[in-house]
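*Asks:* Mind having a look at this structure? Questions to follow.
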Amino acid sequence: MTIEKILKDDASEEKGERARMASFVGAIAITDLVKTTLGPKGMDKILQSTGRGHEVAVTNDGATILKSLHIDNPAAKVLIDISKVQDDEVGDGTTSVVVLAGELLREAEKLVAAKIHPMTIISGYRMAAECARTALLQRVVDNKENAEKFKLDLMKIAMTTLSSKILSQDKEHFAQLAVDAVMRLKGSTNLEAIQIIKKPGGSLKDSFLDEGFILDKKIGLGQPKRIENAKILVANTAMDTDKVKIYGARVRVDSMSKVAEIEGAEKEKMREKVKKILGHGINCFVNRQLIYNFPEELFADAGILAIEHADFDGIERLALVTGGEIASTFDNPESVKLGHCKVIEEIMIGEDKLIHFSGVEMGQACTIVLRGASHHVLDEAERSLHDALCVLSQTVNDTRVLLGGGWPEMVMAKEVDELARKTPGKKSHAIEAFSRALVAIPTIIADNAGLDSADLVAKLRAEHHKEGCNAGIDVISGSVGDMAELGISEAFKVKQAVLLSATEAAEMILRVDEIITCAPRKREDRM
Numbered sequence: 007m008t009i010e011k012i013l014k015d016d017a018s019e020e021k022g023e024r025a026r027m028a029s030f031v032g033a034i035a036i037t038d039l040v041k042t043t044l045g046p047k048g049m050d051k052i053l054q055s056t057g058r059g060h061e062v063a064v065t066n067d068g069a070t071i072l073k074s075l076h077i078d079n080p081a082a083k084v085l086i087d088i089s090k091v092q093d094d095e096v097g098d099g100t101t102s103v104v105v106l107a108g109e110l111l112r113e114a115e116k117l118v119a120a121k122i123h124p125m126t127i128i129s130g131y132r133m134a135a136e137c138a139r140t141a142l143l144q145r146v147v148d149n150k151e152n153a154e155k156f157k158l159d160l161m162k163i164a165m166t167t168l169s170s171k172i173l174s175q176d177k178e179h180f181a182q183l184a185v186d187a188v189m190r191l192k193g194s195t196n197l198e199a200i201q202i203i204k205k206p207g208g209s210l211k212d213s214f215l216d217e218g219f220i221l222d223k224k225i226g227l228g229q230p231k232r233i234e235n236a237k238i239l240v241a242n243t244a245m246d247t248d249k250v251k252i253y254g255a256r257v258r259v260d261s262m263s264k265v266a267e268i269e270g271a272e273k274e275k276m277r278e279k280v281k282k283i284l285g286h287g288i289n290c291f292v293n294r295q296l297i298y299n300f301p302e303e304l305f306a307d308a309g310i311l312a313i314e315h316a317d318f319d320g321i322e323r324l325a326l327v328t329g330g331e332i333a334s335t336f337d338n339p340e341s342v343k344l345g346h347c348k349v350i351e352e353i354m355i356g357e358d359k360l361i362h363f364s365g366v367e368m369g370q371a372c373t374i375v376l377r378g379a380s381h382h383v384l385d386e387a388e389r390s391l392h393d394a395l396c397v398l399s400q401t402v403n404d405t406r407v408l409l410g411g412g413w414p415e416m417v418m419a420k421e422v423d424e425l426a427r428k429t430p431g432k433k434s435h436a437i438e439a440f441s442r443a444l445v446a447i448p449t450i451i452a453d454n455a456g457l458d459s460a461d462l463v464a465k466l467r468a469e470h471h472k473e474g475c476n477a478g479i480d481v482i483s484g485s486v487g488d489m490a491e492l493g494i495s496e497a498f499k500v501k502q503a504v505l506l507s508a509t510e511a512a513e514m515i516l517r518v519d520e521i522i523t524c525a526p527r528k529r530e531d532r533m
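Residues are numbered in this note's numbering as their position in the sequence shown, beginning at 1, plus a constant of 6.
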């Protein structure tokens with residue numbers, strides 16, 4: 007009997023070379039898939055779901071593309087994971103991180119073929135990554151003392167982030183929106199306070215930032231359409247108990263009039279509750295759950311604006327914005343913090359009515375209203391804006407800034423190359439490979455723009471041997487340009503995250519020497 011029988015019938019294992027082969031191939035395939043979205047001239051992908059309705063998403067965001075793929079290859083899954091983490095952690099650089107990891111593996115494949123042990127490659131990569139990071143640290147610019155300059159840096163970073171997205175045509179406009187929104191946050195990275203409302207219609211240029219708060223709801227019937235100096239109670243409580251619910255309520259009575267009595271009692275309870283709520287001295291009541299017509303009537307009589315079903319994010323944000331707290335009991339009015347704002351009114355955007363709270367307490371929150379031709383455009387615009395907002399909010403915390411356009415990669419590659427020359431032994435091959443992988447990023451940016459990448463990268467490398475050089479790829483003119491003059495900057499935090507995550511992912515995939523696939527469950531066993 008052969009040794010093969012250790013595993014169950016259908017389980018399979020790939021050993022040694024074949025396993026490594028499989029993981030390399032998978033990872034490189036994923037890289038080739040997303041690398042065309044890199045850079046200002048990157049293309050978008052259409053993702054069509056196979057579910058009902060065949061939804062279509064058009065996107066340029068690496069993480070979004072990879073999230074939608076269903077993949078068998080284990081190594082490819084690792085790459086998808088790092089792009090997700092990059093998306094959650096810093097928001098941008100999701101494509102770069104996958105591309106870099108893929109290029110590192112592509113180089114590693116050649117080294118393994120040349121009989122260099124994976125562990126040697128890994129330790130070489132480790133040294134190279136450390137060296138690349140220090141190279142970047144020496145070249146960062148930090149303008150946090152000078153507010154004017156720092157705001158310019160933020161604008162540049164926002165424009166650079168947006169230039170590879172659908173918003174690149176109006177990037178000044180959107181960069182301004184993003185910077186204004188993030189400056190409002192005053193250093194917190196909580197993007198919840200920035201609400202993005204998407205309304206189809208108009209063009210992307212019609213998007214605007216509103217310092218107030220806009221709630222996507224209509225004002226109830228017979229209630230004041232405009233309130234000044236509003237005191238707002240934000241609540242999460244049931245306002246639908248004034249009728250006996252037919253389903254789910256079991257009441258045994260001996261006549262129909264008894265039911266009426268119960269209903270009367272319920273109504274009294276409701277009236278009491280509304281009284282308590284009015285006792286807070288408010289003129290606007292926002293509830294997360296629904297409000298039946300009876301309490302709504304009572305509110306309208308008291309001249310109070312009642313808003314029902316404000317979805318949960320809406321409520322939390324509203325409480326945050328107006329400085330109130332979410333209440334659920336109303337017995338002691340003095341302990342509840344009310345929210346305040348100067349004016350509440352109804353506004354129209356497109357053909358929808360929305361409620362607009364302006365002059366709010368906490369200046370941190372704001373609403374960005376996106377307009378666009380169709381839902382697909384809006385979704386993509388929201389993703390792009392979200393990337394920009396994430397990067398900016400991270401930069402406000404960690405104010406170090408680098409130039410963009412392939413410049414950081416060339417700086418790192420140069421330092422790493424020098425390290426390779428100093429390192430004895432087989433590791434130097436791995437370190438050299440790392441520098442080649444870094445150079446692949448500017449190469450791909452140039453390729454996507456249809457430029458002669460070999461020529462450009464060679465020119466770049468020559469430029470970078472001069473001291474204090476700012477050269478990067480200027481995609482628009484198709485030549486080597488000065489990144490500082492063009493105002494192309496990136497956040498240091500993003501670059502560092504890309505570098506470290508990509509190295510670790512490549513390392514993990516390199517360590518694999520066997521893939522064991524578990525046997526699929528048999529269908530008939532389930533009966």
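Note that beta-carbon positions come from the ideal geometry of N, C-alpha and C, so glycine has one too.
Rounded to whole angstroms, what is the Cα-Cα separation between Glu-388 and Lys-348?
*Replies:* 29 Å
*Asks:* Which of the three DSSP states, helix, strand or coil, is assigned to Leu-13?
*Replies:* In this structure, Leu-13 counts as coil in the three-state DSSP scheme.
*Asks:* Which of the three DSSP states, helix, strand or coil, is assigned to Cys-475?
*Replies:* Here Cys-475 sits in coil by DSSP.
*Asks:* Among Leu-143, His-382, Ile-479, which one has its Cα closest to the Cα of Asp-461?
*Replies:* Ile-479
*Asks:* Could you tell me which residues DSSP puts in a beta bridge with Met-245?
*Replies:* Ile-297
*Asks:* Is Cys-137 buried or exposed, if buried means 16 or more other CB atoms sit within 10 Å of its CB?
*Replies:* The residue in question, Cys-137, is buried, as its Cβ has 16 or more Cβ neighbours within 10 Å.
*Asks:* Within a Cβ cutoff of 8 Å, which residues of the same chain sit near Met-7, ignoring the five residues on either side of it in sequence?
*Replies:* Low local confidence applies: a pLDDT of 48 at Met-7 is under 50, so the model's placement there is unreliable, with the coordinate-based value given in what follows. Answer for Met-7: no residue qualifies.
*Asks:* In terms of residue numbering, what span does the alpha helix (DSSP H) encompassing Cys-396 cover?
*Replies:* 381-403
*Asks:* Would you mind working out which of Leu-173, Ala-244, Ala-525 sits nearest Gly-48, comparing C-alpha positions?
*Replies:* Leu-173
*Asks:* Give me the residue from Asn-476, Glu-513, Val-407, Leu-457 with the minimum Cα distance to Ala-436.
*Replies:* Glu-513
*Asks:* Which value, in whole angstroms, describes the spacing of the CA atoms of Leu-311 and Val-265?
*Replies:* If I take the Cα positions, the gap works out to 31 Å.
*Asks:* CA-CA distance, Val-118 and Gly-108?
*Replies:* The alpha-carbon atoms of Val-118 and Gly-108 are separated by roughly 15 Å.
*Asks:* Given a cut-off of 7 Å on the beta-carbon distance, is the pair Ser-89 and Leu-72 in contact?
*Replies:* yes
*Asks:* Do the segment 35-54 and the segment 448-460 meet, that is, are 3 or more Cβ pairs less than 8 Å apart?
*Replies:* With a cut-off of 8 Å, the segment 448-460 and the segment 35-54 count as touching, because enough Cβ pairs lie within range.
*Asks:* Return the CA-CA distance between Asn-149 and His-382, expressed in angstroms with no decimal places.
*Replies:* A straight line joining the alpha-carbon of Asn-149 with that of His-382 spans about 37 Å.
*Asks:* If distances are taken between C-alpha atoms only, which option among Ala-490, Ala-69, Glu-274 comes closest to Lys-83?
*Replies:* Ala-69
*Asks:* Keeping to the same chain, check which residues put their C-beta closer than 7 Å to that of Thr-243; ignore five residues upstream and five downstream.
*Replies:* Asn-293, Gln-295, Ser-334
*Asks:* Quick one: what does DSSP say Cys-347 is sitting in, helix, strand or coil?
*Replies:* strand
*Asks:* Among all the DSSP beta bridges, which residues are the ones paired with Cys-290?
*Replies:* Ile-238, Leu-311
*Asks:* For Pro-448, collect the residues of the same chain with a Cβ closer than 7 Å to its Cβ; drop the 5 residues on either side in sequence, then sort them by chain order.
*Replies:* Gly-412, Glu-415, Met-416, Val-463, Leu-466, Ile-479
*Asks:* Assuming the contact rule is C-beta atoms closer than 8 Å, Phe-180 and Leu-391 should be a hit. Round their C-beta distance to whole Å, please.
*Replies:* 6 Å between Cβ atoms; contact.
*Asks:* Considering only C-alpha positions, which residue in the set Val-31, Ala-25, Arg-24, Ile-86 is nearest to Ser-507?
*Replies:* Ile-86
*Asks:* To the nearest angstrom, how far is it from the Cα of Asp-67 to the Cα of Val-188?
*Replies:* 21 Å
*Asks:* Could I get the ranges of all uninterrupted beta strand (DSSP E) runs contained in the segment 397-449, with 3 residues as the minimum, in chain order?
*Replies:* 406-409
*Asks:* With 16 other CB atoms within 10 Å as the buried threshold, where does Met-165 fall?
*Replies:* buried
*Asks:* Which of the three DSSP states is assigned to Pro-80 in this structure?
*Replies:* helix
*Asks:* With a cut-off of 8 Å, do at least 3 Cβ pairs link the segment 338-348 to the segment 155-169?
*Replies:* Cβ pair count under 8 Å is below three, so no.
*Asks:* What three-state label does DSSP hand Met-49 in the structure shown?
*Replies:* coil
*Asks:* Could you check whether the segment 496-510 touches the segment 96-115, counting it as contact only if at least three pairs of C-beta atoms, one from each stretch, sit closer than 8 Å?
*Replies:* yes
*Asks:* Note down, in chain order, each residue of its chain lying with its Cβ closer than 6 Å to the Cβ of Leu-197, except the 5 sequence neighbours on either side.
*Replies:* Counting only residues of its own chain and dropping the five nearest sequence neighbours on each side, Leu-197 has a CB closer than 6 Å to the CB of Leu-395.
*Asks:* Helix, strand or coil for Ser-174, going by three-state DSSP, please let me know.
*Replies:* helix
*Asks:* State the start and end residues of the unbroken beta strand (DSSP E) segment that holds Cys-372.
*Replies:* 372-378
*Asks:* Would you mind sorting Asn-299 into buried or exposed? The rule is 16 or more other CB atoms within 10 Å of its CB.
*Replies:* exposed
*Asks:* Three-state secondary structure (DSSP) at Ser-334?
*Replies:* coil
*Asks:* State yes or no: is the C-beta of Thr-373 within less than 7 Å of the C-beta of Ile-238?
*Replies:* no
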